[in-house]
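Single-structure report; data block below.
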Amino acid sequence: MTATSSSTSTKSLYWISSAARLQAVGKPFALVSVVRVAAPSSARPGDKALVTADGCIDGWIGGGCAQPAVVRTVRDALQDGKPRMIRIAPAVEGSERELADVLEFGMACHSGGTIELFIDPVLPPAHLVVVGDSPVALSLSELAPRVGLAVTAIAHEADASRFADARQVLCTDDAIALAGEVNPGAFVVVATQGRRDLQGLSAALSVKARKIFFVASARKAEVLRKTLLESEHDPAAVAAIVAPAGQAIGAQTPQEIALAVLAAVIAARRGAPPKAPVPQCVTPPVPLPELAPVSGSCCGGTSAKG
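Plus 601 on top of the position in the sequence shown (first one is 1) and you've got the numbering used here.
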């Protein structure tokens, strides 16, 4: 391999190590790739850069004239998680129009030229905080990682071995002690189910969550909401607590309720409209009635009487 080809290979793979560093610290970014260019342009098809929401560009995707449109589009992509194709072409500065599935930005750069770029957002795993150590909480912490959610378990004097799939286990539900332990924007499910419900809800409210779900009946949730308001919690945050929590799938067992709640979390994450909640009670299977002994032929026929 020549020195030139070695240098080119190193440059082309540089973005991989940069992406790994950003993912390691949970920082969202977009991989921006040059798809097509029309001369004159300093970029070439295949050039790549990692772009973050704060406007940091790590790599090469052309000159400075294209950067404002790229950064703006990256910010939009990081908000909804959807990739985009953009074209930056000579036109009135700041103009834009949609052409099929391509968004075109005008550029008044004196050098001219056109560049098309594909913007692919890379988001860290969504964060789910599970409060409580009830059977529903344990099932939820087991199921959630299988759909790409990073789990933090919070429970008073928690046994970390019971939350084997959680990335983090915090053995306190004290709101003051939890300050700074969980990054803002997480989804929170309070599944205390009668054990330290009020403390669990207070802990959830201290997290600055994107959405809080409470596994409880509507009546129980209403009583606890009043108590939270008397404790001077933010009225808007208290009113936003979703209870009962979960999609209507006829759930009865702890595992089924956990699945229903997880479905509601996914719906909220993806922006789907909410569905009717499930009843928040764990119902044991209904025993089948005993059948009277059956006599006669094995095929259930009747014998002729003489």
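All C-beta atoms, glycine included, are put in the ideal place defined by N, C-alpha and C.
Measuring straight from C-alpha to C-alpha, what distance separates residue i and residue j?
i: residue 650; j: residue 643; result: 14 Å
i: residue 805; j: residue 789; result: 6 Å
i: residue 722; j: residue 670; result: 15 Å
i: residue 688; j: residue 866; result: 36 Å
i: residue 855; j: residue 737; result: 5 Å
i: residue 841; j: residue 868; result: 16 Å
i: residue 886; j: residue 846; result: For residue 886, the predicted structure reports a pLDDT of 44, less than 50, and the residue's modelled location is therefore unreliable. The matter cannot be settled from this model.
i: residue 682; j: residue 624; result: 15 Å
i: residue 546; j: residue 730; result: Limits of the chain in this structure are 602 at one end and 907 at the other, which puts residue 546 out of reach.
i: residue 821; j: residue 830; result: 14 Å
i: residue 660; j: residue 645; result: 12 Å
i: residue 754; j: residue 859; result: 14 Å
i: residue 757; j: residue 776; result: 11 Å
i: residue 795; j: residue 837; result: 24 Å
i: residue 833; j: residue 784; result: 23 Å
i: residue 617; j: residue 664; result: 22 Å
i: residue 749; j: residue 850; result: 22 Å
i: residue 747; j: residue 621; result: 22 Å
i: residue 705; j: residue 690; result: 7 Å
i: residue 874; j: residue 668; result: 36 Å
i: residue 631; j: residue 857; result: 36 Å
i: residue 872; j: residue 823; result: 26 Å
Got a sec? Which residues, its chain only, sit under 7 Å from residue i by beta carbon, not counting five neighbours each side?
i: residue 793; result: 732, 733, 735, 801
i: residue 799; result: 825, 828
i: residue 640; result: 714
i: residue 782; result: 771
i: residue 745; result: 729, 752, 863
i: residue 819; result: 844, 845
i: residue 672; result: 652, 656
i: residue 797; result: 757, 774
Who are the Cβ neighbours of residue i in its own chain at under 6 Å, not counting the five residues just before and after it?
i: residue 615; result: none
i: residue 679; result: 629, 654, 722
i: residue 761; result: 770
i: residue 724; result: 629, 682
i: residue 786; result: 811
i: residue 596; result: Given a span of 602 to 907 for the chain in the structure shown, any question on residue 596 remains unanswerable.
i: residue 648; result: 635, 661, 662
i: residue 759; result: 734, 770, 772
i: residue 764; result: 742, 754, 770
Between which two residues does the alpha helix (DSSP H) holding residue i run?
i: residue 818; result: From DSSP, residue 818 is part of no alpha helix (DSSP H); its letter is neither H nor E.
i: residue 617; result: 615-625
i: residue 659; result: No alpha helix (DSSP H) contains residue 659, which is instead part of the beta strand (DSSP E) from 658-660.
i: residue 652; result: Looking at the DSSP string, residue 652 is not in any alpha helix (DSSP H); the run it does join, the beta strand (DSSP E), is 649-652.
i: residue 668; result: 668-681
i: residue 843; result: Note, residue 843: premise wrong, no alpha helix (DSSP H); not H, not E.
i: residue 835; result: Here residue 835 belongs to no alpha helix (DSSP H), and DSSP marks it neither H nor E.
i: residue 800; result: 798-807
Please look up how many angstroms separate the CB atoms of residue i and residue j, rounded, as I've assumed it's under 8 Å.
i: residue 848; j: residue 861; result: 5 Å
i: residue 741; j: residue 863; result: 6 Å
i: residue 714; j: residue 638; result: 7 Å
i: residue 652; j: residue 675; result: 5 Å
i: residue 596; j: residue 839; result: The shown model of the chain, from 602 to 907, leaves out residue 596, and the question about it has no answer.
Might you give, ordered along the chain, the residues of its own chain that have their beta carbon closer than 8 Å to the beta carbon of residue i, omitting 5 neighbours on each side?
i: residue 703; result: 686, 687, 688, 717
i: residue 870; result: 727, 788
i: residue 814; result: 788, 789, 790, 791, 842, 843, 844, 846, 847, 862, 865, 866
i: residue 619; result: 651, 659, 660
i: residue 779; result: 755, 771, 773, 804, 807, 808
i: residue 835; result: 806
i: residue 684; result: 678, 719, 720, 721, 722
Kindly indicate the opening and closing residues of the beta strand (DSSP E) around residue i.
i: residue 862; result: Not the beta strand (DSSP E): residue 862 falls in the alpha helix (DSSP H), residues 855-871.
i: residue 637; result: 630-639
i: residue 790; result: 788-791
- Item | alpha helix (DSSP H) runs contained entirely in the region 689-775, provided each spans 4 or more residues | 736-744
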